[in-house]
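*Asks:* My numbering applies: residue 751 is where the sequence shown begins, and numbers increase by one. Backbone N, C-alpha and C fix where the C-beta goes; we use that ideal spot for every residue, glycine too. Please see the structure below; I have some questions.
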Amino acid sequence: MTTNTLTLTLADEQETLALGKKLAQSFSEALIIFLHGELGAGKTTLSRGIIQALGHEGKVKSPTYTLVEPYQVGGWQVYHFDLYRLADPEELEYMGIRDYFTPDSLCLVEWPQRGAGMLPSADLEVTLRYQGEQRQALMEARTPAGVALLEKITR
Numbered sequence: 751m752t753t754n755t756l757t758l759t760l761a762d763e764q765e766t767l768a769l770g771k772k773l774a775q776s777f778s779e780a781l782i783i784f785l786h787g788e789l790g791a792g793k794t795t796l797s798r799g800i801i802q803a804l805g806h807e808g809k810v811k812s813p814t815y816t817l818v819e820p821y822q823v824g825g826w827q828v829y830h831f832d833l834y835r836l837a838d839p840e841e842l843e844y845m846g847i848r849d850y851f852t853p854d855s856l857c858l859v860e861w862p863q864r865g866a867g868m869l870p871s872a873d874l875e876v877t878l879r880y881q882g883e884q885r886q887a888l889m890e891a892r893t894p895a896g897v898a899l900l901e902k903i904t905r
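Structure, rendered in structure tokens:
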């Protein structure tokens, strides 16, 4: 049975970090993950869980002003994008956006809708929503690699 969507309830920040860790432990090929959700919904927290689970020991900050923060961890190039302040998708062309999406990269993209038309398609889209004091994470696989990732985390 293939799994194209998965919805989880995340009770708190620790569960969001734990989901990030599970995602990090389950991927084995280059991936593009789009992260959707309102301000404060947990996109950066989920990214931090992934990046730290891959071996990064320092802080993981939101790249709101730099647009991208690179990390070299566990043989992977991890690029954490935050496109919230992007005024025009064309700006991505000037920063060499295509150079980031390589066979050894994991690209985490917050606010991907702001880069519409300039970004490659996502393997996995994660939408984080408020649910009272908790969060709901809706994960939708868009490629076979995304399906494989969801299947691994549901085992």
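Any chance the CB of alanine 761 is under 7 angstroms from a heavy atom of the ligand COA?
*Replies:* As presented, the structure is devoid of all ligands, the ligand COA included, so that no description of it is given.
*Asks:* Give me the residue from Ala895, Ala891, Arg905, Ile903 with the minimum Cα distance to leucine 785.
*Replies:* Ala891
*Asks:* Do valine 897 and threonine 753 have their beta-carbon atoms positioned less than 8 angstroms apart in this structure?
*Replies:* yes
*Asks:* Starting from the C-beta of threonine 794, find all residues in its chain whose C-beta is less than 6 angstroms away, skip the five residues before and the five after it, and write them out in chain order.
*Replies:* Ser812
*Asks:* Where does serine 778 land, buried or exposed, given buried means 16+ other C-beta within 10 angstroms?
*Replies:* exposed
*Asks:* Here's the rule I'm using: 16 or more other beta-carbon atoms within 10 Å means buried, otherwise exposed. How should threonine 766 be labelled?
*Replies:* buried
*Asks:* Would you please verify whether the beta carbon of proline 853 is less than 8 angstroms from any beta carbon of chain C?
*Replies:* Included in the structure is just one protein chain, with no chain C present.
*Asks:* DSSP on leucine 796, reduced to helix/strand/coil?
*Replies:* helix
*Asks:* So the alpha helix (DSSP H) threonine 893 belongs to, where does it begin and stop?
*Replies:* First-last for threonine 893: undefined, no H or E at that position.
*Asks:* Helix, strand or coil: how does DSSP classify aspartate 832 here?
*Replies:* strand
*Asks:* Return the CA-CA distance between proline 839 and glycine 799, expressed in angstroms with no decimal places.
*Replies:* 27 angstroms
*Asks:* For the structure I just gave you, are there three or more beta carbon pairs, one from the segment 849–859 and one from the segment 879–893, closer than 8 angstroms?
*Replies:* no
*Asks:* According to the Cβ coordinates, are tyrosine 821 and histidine 806 closer than 8 angstroms?
*Replies:* yes
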